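Accompanying notes for the structure given below.
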Amino acid sequence: MAGGPFAPSSASTVSLPELRSLLTSGRARLFDVRSREEAAAGTIPGAVNIPVSELESALQMEPAAFQALYRAEKPKQEDENLVFFCQMGKRGFQATQLARRLGYTGARNYAGAYKEWFEKEG
15 MAGGPFAPSS
25 ASTVSLPELR
35 SLLTSGRARL
45 FDVRSREEAA
55 AGTIPGAVNI
65 PVSELESALQ
75 MEPAAFQALY
85 RAEKPKQEDE
95 NLVFFCQMGK
105 RGFQATQLAR
115 RLGYTGARNY
125 AGAYKEWFEK
135 EG
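Just so we're aligned: the sequence shown equals residues 15 to 136 in the numbering used here.
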C-alpha cells in the first residue's frame with residue numbers, strides 16, 4: 015500500500031455515493047461512534063453504536079463479550095469497509111485512526127458523517 019497504512023489516502027475515507035453502493039451491496043459494516051443519546055435520536059440504518067470513548071476496549075474484547083454488549087458480531091481485523099461515522103466527522107476520523115492502529119486495515123471514515131446523511135437521505 016503506497017505511503018504505508020497510516021498515510022491519509024482516499025482509501026481511508028468514504029463518500030456518500032460510495033457508502034450508498036457499499037450498503038446496497040451489503041459490503042460495508044457501519045459503526046456510529048457518537049454518544050448513545052445522539053445515536054438514539056437517529057442513525058444510519060444498520061449502524062452499530064459504539065461511543066468513541068469505548069471503541070478501543072470494544073475492539074479488543076472477546077467476540078462473545080462484544081456480541082453480548084453491542085448485539086452485533088465483532089468485526090475481524092481483515093474485514094474490509096468497516097465504516098466509522100459521527101455527527102460532523104471528527105470523532106469518526108479519530109475512530110478510524112484508532113481502529114487502524116489496532117490492526118483493522120479496512121477501517122474507513124465516512125467523512126460527511128451523519129449530518130450529510132441526514133441532509134441528503136433523511
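Beta carbons are placed, not taken as given, at the ideal position from N, Cα and C, and that holds for glycine.
From a predicted model like this one, the values you see are computed outputs, not experimental measurements.
Please determine, among the options, the residue with the shortest C-alpha to C-alpha distance to residue i.
i, options, result
"proline 59", "Ala113, Asn123 and Thr38", "Thr38"
"glutamate 32", "Asn123, Lys129, Ala86 and Glu133", "Asn123"
"aspartate 93", "Thr119, Ala127, Gln81 and Gln74", "Thr119"
"glutamine 108", "Glu51, Thr57 and Ser67", "Ser67"
"threonine 27", "Gly136, Leu83, Gly126 and Ala86", "Gly126"
"arginine 50", "Ser29, Glu130, Gln101 and Glu133", "Gln101"
"tyrosine 128", "Ala79, Ala53, Arg43 and Gln74", "Ala53"
"glutamate 130", "Ala25, Gln91 and Gly56", "Gly56"
Taking all protein chains shown into account, decide if residue i is buried (16 or more other Cβ within 10 angstroms of its Cβ) or exposed.
i, result
"serine 71", "exposed"
"alanine 48", "What sits at residue 48 in the sequence shown is arginine, not alanine. Buried is the call here."
"alanine 21", "For alanine 21, the predicted model reports a pLDDT of 44, less than 50, meaning its position is unreliable; a value from the coordinates is still stated below. Exposed, because fewer than 16 other Cβ atoms sit within 10 Å of the Cβ of alanine 21."
"glycine 40", "exposed"
"proline 89", "buried"
"glycine 117", "exposed"
By Cβ distance, which residues of its chain are closer than 7 Å to residue i, with the 5 residues on each side in sequence left out?
i, result
"alanine 121", "Leu96, Phe98, Thr110, Ala113 and Arg114"
"serine 35", "none"
"isoleucine 64", "Phe45, Val47, Ala72 and Tyr84"
With a threshold of 6 Å on Cβ separation, who are the neighbours of residue i within its own chain once the five nearest residues in sequence on each side are excluded?
i, result
"arginine 105", "Val47 and Val66"
"glycine 103", "Ala125 and Ala127"
Going by DSSP, which residues form a beta bridge with residue i?
i, result
"arginine 43", "Leu96"
"valine 28", "Tyr124"
"valine 62", "Phe45"
Using C-beta distances below 8 Å, list every residue in its chain close to residue i, excluding the 5 sequence neighbours before and after it, in chain order.
i, result
"alanine 86", "Val62 and Phe80"
"methionine 75", "Leu83 and Lys88"
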